[in-house]
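Visitor: Sending over a structure as structure tokens; questions will come in a sec.
Protein chains: 2
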Amino acid sequence: MKPPVVVSVTGAAGQIGYALLFRIASGQLLGPDQPVILKLLEITPALDALGGVIMELHDCAFDLLADVQASDDAQVAFADTEVALLVGSRPRGPGMERKDLLEANAAIFSVQGRALDQVASRDVRVLVVGNPANTNCLIAQRNAPSLNPRQFTAMTRLDHNRAKAQLAEKVSTHVSRVTRLCIWGNHSATQYPDITNASVDGRAAGELVDAAWVSDTFIPSVQQRGAAIIKARGASSAASAANAAIEHMRDWLSGSGGEDVVSMGVCSDGSFDTEPGLIYSFPCHTTDCEWQIEQSWSIGEESRKRMMLTQAELIEERDAVRHLLPE
Amino acid sequence: MKPPVVVSVTGAAGQIGYALLFRIASGQLLGPDQPVILKLLEITPALDALGGVIMELHDCAFDLLADVQASDDAQVAFADTEVALLVGSRPRGPGMERKDLLEANAAIFSVQGRALDQVASRDVRVLVVGNPANTNCLIAQRNAPSLNPRQFTAMTRLDHNRAKAQLAEKVSTHVSRVTRLCIWGNHSATQYPDITNASVDGRAAGELVDAAWVSDTFIPSVQQRGAAIIKARGASSAASAANAAIEHMRDWLSGSGGEDVVSMGVCSDGSFDTEPGLIYSFPCHTTDCEWQIEQSWSIGEESRKRMMLTQAELIEERDAVRHLLPE
Numbered sequence: 007m008k009p010p011v012v013v014s015v016t017g018a019a020g021q022i023g024y025a026l027l028f029r030i031a032s033g034q035l036l037g038p039d040q041p042v043i044l045k046l047l048e049i050t051p052a053l054d055a056l057g058g059v060i061m062e063l064h065d066c067a068f069d070l071l072a073d074v075q076a077s078d079d080a081q082v083a084f085a086d087t088e089v090a091l092l093v094g095s096r097p098r099g100p101g102m103e104r105k106d107l108l109e110a111n112a113a114i115f116s117v118q119g120r121a122l123d124q125v126a127s128r129d130v131r132v133l134v135v136g137n138p139a140n141t142n143c144l145i146a147q148r149n150a151p152s153l154n155p156r157q158f159t160a161m162t163r164l165d166h167n168r169a170k171a172q173l174a175e176k177v178s179t180h181v182s183r184v185t186r187l188c189i190w191g192n193h194s195a196t197q198y199p200d201i202t203n204a205s206v207d208g209r210a211a212g213e214l215v216d217a218a219w220v221s222d223t224f225i226p227s228v229q230q231r232g233a234a235i236i237k238a239r240g241a242s243s244a245a246s247a248a249n250a251a252i253e254h255m256r257d258w259l260s261g262s263g264g265e266d267v268v269s270m271g272v273c274s275d276g277s278f279d280t281e282p283g284l285i286y287s288f289p290c291h292t293t294d295c296e297w298q299i300e301q302s303w304s305i306g307e308e309s310r311k312r313m314m315l316t317q318a319e320l321i322e323e324r325d326a327v328r329h330l331l332p333e
Numbered sequence: 007m008k009p010p011v012v013v014s015v016t017g018a019a020g021q022i023g024y025a026l027l028f029r030i031a032s033g034q035l036l037g038p039d040q041p042v043i044l045k046l047l048e049i050t051p052a053l054d055a056l057g058g059v060i061m062e063l064h065d066c067a068f069d070l071l072a073d074v075q076a077s078d079d080a081q082v083a084f085a086d087t088e089v090a091l092l093v094g095s096r097p098r099g100p101g102m103e104r105k106d107l108l109e110a111n112a113a114i115f116s117v118q119g120r121a122l123d124q125v126a127s128r129d130v131r132v133l134v135v136g137n138p139a140n141t142n143c144l145i146a147q148r149n150a151p152s153l154n155p156r157q158f159t160a161m162t163r164l165d166h167n168r169a170k171a172q173l174a175e176k177v178s179t180h181v182s183r184v185t186r187l188c189i190w191g192n193h194s195a196t197q198y199p200d201i202t203n204a205s206v207d208g209r210a211a212g213e214l215v216d217a218a219w220v221s222d223t224f225i226p227s228v229q230q231r232g233a234a235i236i237k238a239r240g241a242s243s244a245a246s247a248a249n250a251a252i253e254h255m256r257d258w259l260s261g262s263g264g265e266d267v268v269s270m271g272v273c274s275d276g277s278f279d280t281e282p283g284l285i286y287s288f289p290c291h292t293t294d295c296e297w298q299i300e301q302s303w304s305i306g307e308e309s310r311k312r313m314m315l316t317q318a319e320l321i322e323e324r325d326a327v328r329h330l331l332p333e
């Protein structure tokens, strides 16, 4: 047996956590021959419920689950962690302004960033799922100066998968036939799901759908999909978010391979004239724990406008929490 | 790509269903190269919520999910099904007597048995998860006379996994080191978790723990584990039940292999002097869509008593619904 890999999950007693932990423990994140130690972080009032989740993890008798630990202290939950999934965040409460929400989360993610800086494996890979994911990721990253900024990413894979499914349905093909589609910018309603470079069964997607469908139906329906799920299920996306987190991290660790791209919120290096330093979702290629932003795509005027719109929101979010970002 | 396999799941919008569907669609039931068509059954009032679950399944962009369909009609949901997971059942309502509960479920499972009889693949494999699982399974089986009784099973794998975990914790080893333990009888508080033939790291389990711990702690804690989970989590076991359903069915389809046994509620052939025809949990070996009851074990007096106690409950359950069992 290989030595176990430490995987940390925050917000572990929440709905996404519940959908995530059993898939990780059964080998879907790290592979069928890789033992895992789960280190789970929750706020103190949720530790009892987390205890129940841990009982259920034991009750699965997973061959690959070497150990599972719970804590309300990030310094404990991130000790030696190699894979950190930051799922927990403060949801918007009644009467809470957007700025208050950003600040409440900035407090959480600055603490977690410092803890990762101090106690995580030097090779840790971090995925932020908790919203506002891009800005939470920026805060964690900037509070972990001893780690490489490239070790921090935010999740737009759920949006990416939703966009693939919408396009596949529209052209009546299987979702696996859709490639080279991406999400630009923020994991929010300003995101830009872009099919300009997408292929379906080897044909350019733009030849198969008309521009009005893209702007009036496709883009808004991907942007608003989260709300549509809540309306239908009476609960927010949990299993599909957990699935996207697994796919994001698995592709990052093992490589997505081939010509296709995956959407990841990563630290901008100025590619496509984006603002350097922002956590911005780009089309990426991944190999062996590294990601590279796709560079060959040309950007039309309409795309440029949408890319800048979502960037403006990210800049605004960053500026709202600037006092909590170390220089 | 192989042709897809049809998998039906009842109670698909419930908590166990939610924990189950995404694992099936990601390949954990049938393997990483086997496409699947999901046919989902729900009661009419739950179809809207099920619609939300299906949206999330689409949003995962699973390569292996060839199609997903929802219905409130068992004749539709079981059409050509090869693997049927009967998860949904009527829970006990306030003031409901045990007999009323048995009858309410008998009505559900007789309809489903007849539908399987009429429209399922002739090779269908059926697992009943919904409680009272053994007697629900008996009813479905007896209402499907054109299928082989061996095609119907009830789930005691969650109890089996819980028992393994309890024993492993007691002797401070990893759960994967525990083998040849089994659950006898009913999936209820009368079940008999038996370590008489169990090994831990190659040593007889009986040499590692004392008899008082087995009778006073181990057996009751496995029997009452479901209630302990509800107390800790504030919700009943869902992810661990879904995991057990996947393991039960995967082992049945692909073979559990080796010397170890798995616990399955199956149609008694009189093995170990049990009452023929009851759906009774035995230690089983599985290979290639077949199961065989372990025959070599000798049964001591204490075990015999416990095995007959849980059998008495199964007989009582059967007799309470006898008017709904076709001859």
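As given, the protein sequences belong to chains A and B, one line each in that order. Residues in the first sequence are numbered consecutively from 7, following my numbering. Residues in the second sequence are numbered consecutively from 7, following my numbering. In this text, a Cβ means the ideal position worked out from N, Cα and C, and glycines have one as well.
1. Across which residues does DSSP place residue 198 (chain A) in a beta bridge pair?
2. Would DSSP call residue 289 (chain A) helix, strand or coil?
3. Can you look up residue 143 (chain B) in the DSSP assignment and give me helix, strand or coil?
4. Which of the three DSSP states is assigned to residue 219 (chain B) in this structure?
5. Note down, in chain order, every chain A residue with its Cβ under 8 Å from the Cβ of residue 98 (chain B).
6. Using only the alpha-carbon positions, how far apart do residue 47 (chain B) and residue 93 (chain B) sit?
7. Could you check what DSSP says for residue 331 (chain B) in three-state terms: helix, strand or coil?
8. Any beta carbon from chain A within less than 7 Å of residue 249 (chain B)'s own beta carbon?
9. How should residue 298 (chain B) be labelled, buried or exposed, when 16 other C-beta atoms within 10 angstroms of its C-beta is the threshold for buried?
10. Kindly say whether residue 271 (chain B), judged by its beta-carbon, lies nearer than 7 Å to any beta-carbon of chain A.
11. Restricting to Cα atoms, I'd like to know which of A:20, A:16, A:12 is closest to residue 245 (chain A).
12. Short check: CB of residue 84 (chain B) to CB of residue 31 (chain B), under 7 Å?
13. Leaving out five residues on either side along the sequence, give the residues of the same chain with a beta carbon under 7 Å from the beta carbon of residue 60 (chain B).
14. For residue 73 (chain A), which residues does DSSP report across the bridge?
15. For chain A, check one thing: does any of its Cβ atoms lie closer than 7 Å to the Cβ of residue 170 (chain B)?
16. So with Cβ pairs under 7 Å, would you call residue 66 (chain B) a contact of chain A?
17. Could you name the residues of chain B that residue 164 (chain A) contacts, counting a contact when the two beta carbons are closer than 8 Å?
18. What residues from the stretch 297 to 314 of chain A come within 9 Å of chain B, judged by C-beta to C-beta, listed N to C?
19. Determine the chain B residues that contact residue 28 (chain A) at a beta-carbon separation under 9 Å, and present them in chain order.
20. Closest by CA to residue 293 (chain B), which one among B:167, B:129, B:18, B:260?
21. Spell out the partners DSSP gives residue 298 (chain B) in its beta bridges.
22. Taking CB distances under 7 Å as the criterion, tell me whether residue 48 (chain A) reaches chain B.
23. Count Cβ pairs between the stretch 252 to 269 of chain B and the stretch 92 to 108 of chain B that sit closer than 8 Å; are there 3 or more?
24. Which chain B residues sit within Cβ distance under 9 Å of residue 317 (chain A)?
25. Pull the bridge partners of residue 131 (chain B) from the DSSP assignment, please.
26. Got a sec: is the Cβ-Cβ distance from residue 239 (chain A) to anything in chain B below 7 Å?
27. What's the C-alpha gap between residue 224 (chain A) and residue 107 (chain A)?
28. Residues of chain A with CB under 9 Å from residue 54 (chain B), in chain order?
29. Output yes if chain B places a C-beta closer than 7 Å to the C-beta of residue 167 (chain A); else output no.
30. Terminal residues of the continuous beta strand (DSSP E) containing residue 161 (chain A)?
31. If we count the other Cβ atoms within 10 Å of its Cβ and call it buried at 16 or more, is residue 383 (chain B) buried or exposed?
Guide: Quick answer:
1. For the purposes of this step, residue 198 (chain A) is identified with residue 192 of the first sequence, where counting begins at 1. Looking at the DSSP assignment, residue 198 (chain A) forms a beta bridge with A:190.
2. Taking the first sequence and counting its residues from 1, one reaches residue 289 (chain A) at position 283. Three-state DSSP puts residue 289 (chain A) in a strand.
3. As a position in the second sequence, residue 143 (chain B) is number 137, starting the count at 1. Reduced to three states, the DSSP call for residue 143 (chain B) is helix.
4. Here residue 219 (chain B) refers to the residue found at position 213 of the second sequence. Helix, per DSSP.
5. Looking up residue 98 (chain B) in the second sequence gives position 92. The contacting residues do not exist; residue 98 (chain B) stays about 21 Å from chain A at best.
6. Residue numbering aside, residue 47 (chain B) sits at position 41 when the second sequence is read from its first letter. Residue numbering aside, residue 93 (chain B) sits at position 87 when the second sequence is read from its first letter. Using only the alpha carbons, I get a separation of about 10 Å.
7. Within the second sequence, the letter at position 325 stands for residue 331 (chain B). DSSP places residue 331 (chain B) in coil when its eight states are reduced to three.
8. Locating residue 249 (chain B) in the second sequence gives position 243, where the first residue counts as 1. Yes - at least one Cβ of chain A is within 7 Å of the one on residue 249 (chain B).
9. As a first step, residue 298 (chain B) must be located in the second sequence, where it is residue number 292. Classification for residue 298 (chain B): exposed.
10. For the purposes of this step, residue 271 (chain B) is identified with residue 265 of the second sequence, where counting begins at 1. No, residue 271 (chain B) lies away from the interface with chain A (no Cβ there is under 7 Å from its Cβ).
11. In the first sequence, the residue the question calls residue 245 (chain A) occupies position 239. Out of A:20, A:16, A:12, A:20 has the C-alpha closest to the C-alpha of residue 245 (chain A).
12. Your numbering for residue 84 (chain B) matches position 78 in the second sequence. Your numbering for residue 31 (chain B) matches position 25 in the second sequence. Not closer than 7 Å, so no.
13. Here residue 60 (chain B) is taken as the residue at index 54 of the second sequence, counted from 1. Closer than 7 Å at Cβ, skipping near neighbours: 74, 76.
14. One-based indexing of the first sequence puts residue 73 (chain A) at position 67. In DSSP, residue 73 (chain A) forms a bridge with A:43.
15. On the second sequence, position 164 is the one that residue 170 (chain B) refers to. Cβ-Cβ to chain A under 7 Å: yes for residue 170 (chain B).
16. By 1-based counting over the second sequence, the position of residue 66 (chain B) is 60. Cβ-Cβ to chain A under 7 Å: yes for residue 66 (chain B).
17. Translated into positions along the first sequence, residue 164 (chain A) becomes position 158. The contacting residues are 65.
18. Of all residues in the stretch 297 to 314 of chain A, none has a Cβ within less than 9 Å of some Cβ in chain B.
19. Here residue 28 (chain A) refers to the residue found at position 22 of the first sequence. What residue 28 (chain A) touches in chain B: 25, 29, 245, 246, 248, 249.
20. Residue numbering aside, residue 293 (chain B) sits at position 287 when the second sequence is read from its first letter. Selected option, being the one with the closest Cα: B:260.
21. Numbered from its first residue, the second sequence carries residue 298 (chain B) at position 292. According to DSSP, which records beta bridges pairwise, residue 298 (chain B) is partnered with B:291.
22. Here residue 48 (chain A) corresponds to residue number 42 of the first sequence, with the count starting at 1. For residue 48 (chain A), the answer is no, since every Cβ of chain B falls outside 7 Å of its Cβ.
23. Contact annotation: the stretch 252 to 269 of chain B does not touch the stretch 92 to 108 of chain B, with fewer than three C-beta pairs closer than 8 Å.
24. Taking the first sequence and counting its residues from 1, one reaches residue 317 (chain A) at position 311. Chain B residues near residue 317 (chain A): none, gap ~25 Å exceeds 9 Å.
25. Position 125 of the second sequence, counting from 1, holds the residue named residue 131 (chain B). In DSSP, residue 131 (chain B) forms a bridge with B:89.
26. The residue given as residue 239 (chain A) occupies position 233 in the first sequence. Taking Cβ atoms only, chain B reaches closer than 7 Å to residue 239 (chain A), which makes this a yes.
27. Within the first sequence, residue 224 (chain A) is the residue found at index 218, counting from 1. Within the first sequence, residue 107 (chain A) is the residue found at index 101, counting from 1. Cα to Cα, residue 224 (chain A) sits roughly 29 Å from residue 107 (chain A).
28. Here residue 54 (chain B) is taken as the residue at index 48 of the second sequence, counted from 1. Those within 9 Å of residue 54 (chain B) in chain A are 238, 239, 240.
29. Counted from its first residue, the first sequence places residue 167 (chain A) at position 161. Yes, its Cβ sits closer than 7 Å to a Cβ of chain B.
30. Along the first sequence, one-based indexing puts residue 161 (chain A) at 155. Per DSSP, residue 161 (chain A) belongs to the beta strand (DSSP E) from 158 to 161.
31. Residue coverage of chain B in this structure runs from 7 to 333, which leaves residue 383 (chain B) outside it and unanswerable.
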